[in-house]
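Protein chains in written order, with my numbering: chain A, 1 to 406; chain B, 1001 to 1370.
Cβ atoms here follow ideal geometry from the backbone N, Cα and C, with glycine treated the same way.
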Amino acid sequence: MTASFARQQRRPNAAPIYLDYQSTTPVDTRVLDEMLPWFTEKFGNPHAVTHAYGREAEAAVEAARAEVAALIGAEPREIVFTSGATESNNLAIKGAARFHRAQGRDHIVTVATEHKCVLESARAMAREGCKVTVLPVNAKGFVDLADLAAAIDERTAIVSVMAANNEIGVLQPLTEIGALCRSRGVLFHSDAAQAVGKVPVDVEAMQIDLLSISGHKIYGPKGVGALYVRRRPRARLEPLFDGGGQERTLRSGTLPTPLCVGLGAAARLARKEMAEEAARLLALRWRFLSGLKARLPELQLNGDAERRLPGNLNLSFPGVPALALMEACPSLALSTGSACTATEIEPSYVLRALGLPEALAGATLRLGLGRYTTDKEVDFAIDTLASAARRLARGDRMTAASAPPT
Amino acid sequence: MPHAAYLDWNATAPVRPEVAAAMAEALARCGNPSSVHRFGRAARHALEAARAQVATLIGAAPAEIVFTSGGTEANQLALRGLKGRRLLVSALEHDSVRQAATDATFIPATEAGIVDLAALERMLAAERRPALVSLMLANNETGALQPVAEAAKLAHTHGALLHCDAVQAAGKVAVDMQVLGADLLSLSAHKLGGPQGVGALAIADGVPLAALQTGGGQERGRRAGTENLPGIVGFGLACRIAAERLGDYAGVARLRDRAERRFAEIAPEAPIYARHVARLPNTLAIGMPGVPAATQVMALDLAGVMVSAGAACSSGKVRRSVVLDAMGVSAEAAESAIRISLGWSTTEAEIDQLVEAWGALYARSRANAA
């Protein structure tokens, strides 16, 4: 019996160690405390400003808007609240493409490793008659700036390149892309759901016109996100849906005050604590990678080793099927990649875009570290993963969970 | 400061305490319902339990429920997700329905405050393309209950489908998708004791609906995006409680009727809209002749009474009600109408506070006019 197995046996019902921070993050208790009063005693509709309850809610929503804006160097009125990053990405891409198509600009440029909702939005616009260019990435996960420059033509309406990849954590060169887009007069949208609050993002320095933000990726609540929409020069969009005309007609629907407050609180904490947290996570990531590599020299890191999210690792375990490895480690909450497609269990298109052979892509786990990950948890995870991978690589399919007691 | 009497429940209702507690617990847990690990599976389990609770409230099957970010999105998904259908939309609908399709034809309303079924039948008979009829179950401004089951029968006879915006009705009166014959039905959590930021569209089995929001394939491809799990958990519980406490609305109706009687004593000439048809138990739309709605709302606000001048959605703008317009109410009368809406915690004292403030303003306006 291995040491790690013994430890697992001692904590059979304990919650698994959470190593999936790119899928979702727990709500920070400080965020939760700020949200709770807005569900019950302060429940006004922020649009019902004819009375005190409504005005109180409106003031809270506006304060939250200012916090979100401050995190990315924007003005509060450039922030549109949405139901999440999927909606933000849909609104940015479909909204810009539909608006600019009327001006004879019907071309969308994006990248093969974008989140599924960006690619699906582009595909939906292709079905509506737009031209879509999907650029490849190199083996480290970066888009080539010369490819991008060559792809932009006089019909290009929008370029969409994510800030940080959700599977491999790679940070695209936003500053360079922003400068290029601005010089060519096309809108630059960035899906920054994974990056905002983790690494510095500044819409001015990076010349970003549209930027998507998610609440639940930054220790805020699910069900809320934001789209930054530049005012000068103005990024013009068609709304995805209409109704009461809230959010300067870009996004109708009653604003969920508690969720907006939660996103604002999460943004404020991220702004204050980002530098310290990033340094801590970088050290944890190094500890994880070096510790695991010492036990499993054949381990392979996917995506650039330096320019990636501090809390992300994407690792291939040659000869060890990822699903078997996950099953063998019930004490760890792990994923093979994007949660949206996790239940499909097919090889990740992001890893394929890096040129990873199918067998290796099928032997890959995404490890997400975050605000509550500790040294002890990382050490336990190294031990657990290394032991299980060793066993599985030897062809010993007996997992810790199903091993008979000895 | 006077006691705060909140009488704008149709704009939003407070989250029920049990719901807030369940949500706080859900917010403190982590997990993406699409993840395959234990946290993810627990989240999926909670999501599906909530789906069943929502389905139960409206007599639907759990698989027919698609969670959205609210009633507006549910309405938009219903009206924009069916391609190639002619849209016939009642003139009494909420903005989120009215504006979903610029090419919609409006079905007129009667002076009583309900949709004109004879007109609908003529429109359906004249229509060559398959149609989608959109008719709300209860009007948000007057509370008038609409003849949805009859409209659905007419629609189905003519090969059309029916969408029902049940946002204001659900939780206040019984709603059964089967009885109504609705093919699509919209719900909002924050109108029935759940949180803002979550709603649902019920899609009857077999209705082919294309997604508005595409991406990760959640909600069986009908609505992409990580599910707002704590919100959905709150919505589910709010639906269960709403179903259990539907009987409480008899008391709410008594309070509403008390206000209505007192208003009639103070100002017999004050029009009460849709009073001759079946209404929601909590809603009262009344005009104070000659006094602009904005003036009334502000005067009542100063007296601690919170009401609204129609729908809350237009970002604070007070503008004339399209609903009253559709009922043939004159512009002058419509501009002096306010909406009073009660809820499960409304007290008799609050109603007396309302009547007193309204009566005082009425007396001042008569004195000024004299």
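Between C1239/B and chain A, is any beta-carbon pair separated by less than 8 Å?
no
Between R371/A and V199/A, what straight-line distance do the alpha-carbon atoms span, to the nearest angstrom?
14 Å
Exposure label - L1302/B; buried when at least 16 CB within 10 Å
exposed
Reducing DSSP to helix, strand and coil, say where M1306/B ends up.
strand
According to the neighbour-count rule (16 or more other Cβ atoms, all chains shown, within 10 Å of its Cβ), is P258/A buried or exposed?
buried
Helix, strand or coil for Q9/A, going by three-state DSSP, please let me know.
Reliability of the predicted coordinates at Q9/A is poor, the pLDDT of 39 falling under 50, and the value obtained from them is presented with this limitation in mind. If DSSP states are grouped into helix, strand and coil, Q9/A belongs with the helices.
Taking Cβ positions, are I1232/B and A1050/B nearer each other than 8 Å?
yes
Straight-line gap, Y21/A to R1245/B (C-alpha atoms, nearest Å)
40 Å
Identify, in the order they occur along the chain, each residue of the same chain with its Cβ nearer than 7 Å to the Cβ of R1262/B, setting aside the five sequence neighbours on each side.
V1355
C-beta neighbour in chain B for A333/A, strict 8 Å:
yes
Tell me the DSSP bridge mates of L309/A?
Partner(s): none; L309/A has no beta bridge.
For chain B, is any of its Cβ atoms less than 8 Å away from the one on N302/A?
no
Taking the continuous beta strand (DSSP E) assigned at Y228/A, which residues delimit it?
225–229
Does the beta-carbon distance from L1280/B to A1138/B come in below 8 Å?
yes
Can a CB atom of chain B be found closer than 8 Å to the CB of N45/A?
yes
Let me make sure I understand the geometry here. Which of E238/A, P321/A, A195/A has the alpha-carbon closest to that of A92/A?
E238/A
Please give me, in chain order, every unbroken run of the alpha helix (DSSP H) with length at least 4 that falls completely inside the segment 1210–1297 of chain B.
1229–1244, 1249–1266
When the cut-off is 8 Å and only beta carbons count, does V1087/B lie next to chain A?
Per the sequence presented here, residue 1087/B reads as Leu, with Val not at that position. No, L1087/B lies away from the interface with chain A (no Cβ there is under 8 Å from its Cβ).
Reducing DSSP to helix, strand and coil, say where V1323/B ends up.
helix
Can you tell me where the beta strand (DSSP E) with H1156/B in it begins and where it stops?
Looking at the DSSP string, H1156/B is not in any beta strand (DSSP E); the run it does join, the alpha helix (DSSP H), is 1148–1157.
Are any of the Cβ atoms in chain A nearer than 8 Å to that of M1136/B?
no
Closest by C-alpha distance to A1333/B, when choosing among S1321/B, G1343/B, T1347/B, S1341/B
S1321/B
With 9 Å as the C-beta to C-beta threshold (strictly closer), list the residues of the segment 114–137 of chain A near chain B in chain order.
H115, K116, C117, V118, L119, E120, S121, R123, A124
Between the alpha carbons of R1041/B and G368/A, how many angstroms are there, rounded?
18 Å
Along the segment 186–198 of chain A, what residues have a CB closer than 7 Å to any CB found in chain B?
none
What is the C-beta distance between H1163/B and D1183/B, in whole angstroms, given that I count them as a contact (C-beta under 8 Å)?
7 Å
Spell out the partners DSSP gives N314/A in its beta bridges.
R366/A
Pair within 8 Å by beta-carbon distance, A1202/B and A1063/B
no
Answer yes or no: do F161/A and V134/A have a C-beta to C-beta separation smaller than 8 Å?
Residue identity check: residue 161/A is Val in the sequence provided, not Phe. Against a cut-off of 8 Å, the Cβ pair of V134/A and V161/A comes out as no contact.
Using 8 Å for Cβ pairs, my map puts K300/A next to L315/A. What's the rounded Cβ distance?
Note that residue 300/A corresponds to Gln in the displayed sequence, not to Lys. Confirmed, Cβ separation roughly 7 Å.
Bridge partner(s) assigned by DSSP for G1199/B
T1068/B, S1188/B
Determine the contact status of A324/A and L392/A, defining contact as a CB-CB distance below 8 Å.
yes
Interface residues of chain A facing N1140/B [CB-CB closer than 9 Å]
Residues of chain A passing the Cβ test: none, with the nearest at roughly 11 Å.
Could I get the ranges of all uninterrupted beta strand (DSSP E) runs contained in the segment 123–170 of chain A, with 3 residues as the minimum, in chain order?
131–135, 156–160
Chain A contact for S1096/B (CB, 8 Å cutoff)
yes
Could you have a look at A1013/B and say whether DSSP puts it in helix, strand or coil?
coil
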